[in-house]
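Numbering (the working numbering), first residue to last: 823 to 1235.
Next comes the structure, spelled out in structure tokens:
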């Protein structure tokens, strides 16, 4: 008997460009799925494994997202442990790396912070990645950066081709959803070019929010400065050649840090964000903006009605409220208003690269606004359809993104 598309639980739906292909028939989940699919480039995921996961995902269904990715993660970790027990370290390292990815993937679209699987998966991902580093020979080491009585989990990647003298350093932070481990195109691209790298979990991100309960803060300079302090204590780092890069929501966070931290030579914002709160609030339909202006009672009621009708809206509000350390929708959006670089962009003194994409949908228009507000030496890099890297953070086109971004960085470090 032949199968039809009706027999397939979740068929691939093609579109007019590669970026419009659907795997889950959910805009946010599809974007997140492409993020994990693109990790194949570095052996951090595999095609069949990802498509098997996609087969059982359901649009806007957080439980299906958690269960499907967790099942694949567990399968890969078990395989890695068998290989390791038999002394097959190459196979074990490969499977541990993909298992680590899938444990993290399960958390990306899951907003129920009190569910025990949140910490279970976070610790499992860390364990698998640590095991990968232990047995693979990849030049990365887990560290903990002191931070206001707590610590920021991080990895230091020492470049094996940096040479005997002091070498440049790239400090990298992610955004709202992904973990720094996910972005191998950044830290691997750095160390292959003789640049050391620190990739850290800041407040609101990855392990810092899930294990240390550290929420986001708008004054990110108080995060960047302790990381720079730590970096200057590392062997082989040239203190005059330090770059800072932020990805996604990090496109606000990194420039905010650079506005106050004067020891940076370069800043990269991918994509650039001048005013994160305005970017989010301006996307509201007029009735929600009017409710926000009317005050907490009207806005909370309007958002709760929206959450009841849209699981995706419900996911975002729960997830963002947790990561920003607030308890109501009104408090969340009042907090987001603080993420505004307008008064501080002119203070950035280091060379700055602002990145945009012709299909940027999460920070539309913000990169140009940041670029125009800068008074330092600056460049504007736009990825379009001809590059295949036109999506938010060049999702799905890591090779092109790395080549173009590092060619720019090489000339400034």
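We treat Cβ as the ideally placed atom computed from N, Cα and C, and that holds for glycine.
Using 10 angstroms around the beta-carbon of residue i, count the other beta-carbons present and answer buried if the total reaches 16, otherwise exposed.
i	result
residue 986	exposed
residue 964	exposed
residue 1068	buried
residue 828	In this prediction, residue 828 scores a pLDDT of 46, lower than 50, which makes its location untrustworthy; the coordinate-derived value is nonetheless stated afterwards. With fewer than 16 other Cβ atoms within 10 Å, it is exposed.
residue 1199	exposed
residue 839	exposed
residue 1039	buried
residue 1059	buried
residue 942	exposed
residue 1026	buried
residue 841	buried
residue 1132	exposed
residue 1235	buried
residue 908	exposed
residue 1160	exposed
residue 899	buried
residue 854	buried
residue 912	exposed
residue 860	buried
residue 944	buried
residue 823	Interpretation of residue 823 is limited by its pLDDT of 34, a score under 50 that renders its predicted location unreliable; no figure is taken from the coordinates.
residue 1223	buried
residue 826	A caution first: residue 826 carries a pLDDT of 40, below 50, which makes its placement in the model too unreliable to give a value.
residue 830	Note that residue 830 scores a pLDDT of 48, beneath 50, so its modelled location is shaky; the value from the coordinates is reported in the next line. With fewer than 16 other Cβ atoms within 10 Å, it is exposed.
residue 1206	exposed
residue 1192	buried
residue 1101	buried
residue 871	buried
I'd like to check one pair, residue j with residue i: are the Cβ atoms closer than 7 angstroms?
i	j	result
residue 1163	residue 1077	yes
residue 881	residue 927	no
residue 931	residue 887	yes
residue 918	residue 954	yes
residue 1188	residue 1046	no
residue 989	residue 1018	yes
residue 1010	residue 1088	no
residue 1196	residue 1167	yes
residue 1022	residue 1049	yes
residue 1052	residue 967	yes
residue 1212	residue 1186	no
residue 1004	residue 1093	no
residue 904	residue 891	no
residue 947	residue 1137	no
residue 1165	residue 1122	no
residue 951	residue 922	yes
residue 850	residue 1134	yes
residue 1091	residue 1169	no
residue 910	residue 1031	no
residue 1113	residue 1120	yes
residue 1143	residue 1158	no
residue 1079	residue 1057	no
residue 906	residue 914	yes
I think residue i touches residue j, with their Cβ atoms under 8 angstroms apart; what is that distance to the nearest whole Å?
i	j	result
residue 1202	residue 1183	Not confirmed; about 19 angstroms, so no contact.
residue 996	residue 1072	6 angstroms
residue 856	residue 1097	About 27 angstroms separates the two Cβ atoms, so there is no contact after all.
residue 868	residue 920	6 angstroms
residue 1065	residue 1016	Contact flag wrong, Cβ pair sits at about 13 angstroms.
residue 979	residue 1013	5 angstroms
residue 1037	residue 962	Not quite, the Cβ-Cβ distance comes to about 27 angstroms (not below 8 angstroms), so this is no contact.
residue 865	residue 916	6 angstroms
residue 1214	residue 1070	7 angstroms
Check the DSSP bridge columns for residue i and list the partner residues they point to.
i	result
residue 1035	Answer is none; residue 1035 lacks a bridge partner.
residue 977	964 and 1021
residue 1068	995 and 1091
residue 1205	1179
residue 1213	1181
residue 1200	1174
residue 1097	1162
residue 1059	989
Report yes or no: is there a C-beta of chain C within less than 7 angstroms of the C-beta of residue i?
i	result
residue 970	Going by chain labels, chain C is absent from the structure shown, which holds only one protein chain.
For the ligand GDP, I want to know if residue i counts as a neighbour, meaning its beta carbon is within less than 6 angstroms of at least one of the ligand's heavy atoms.
i	result
residue 1119	The model on display carries no ligand, and the ligand GDP is accordingly not part of it.
For a minimum of 3 consecutive residues, which ranges assigned as the beta strand (DSSP E) are wholly contained in the region 891 to 974? 962 to 969
Only counting runs of 4 or more residues, tell me where the alpha helix (DSSP H) segments fall wholly within the region 1108 to 1171, in order along the chain. Listed in chain order, the complete alpha helix (DSSP H) runs (minimum 4 residues) inside the region 1108 to 1171 are 1108 to 1116, 1118 to 1131, 1133 to 1146 and 1151 to 1158.
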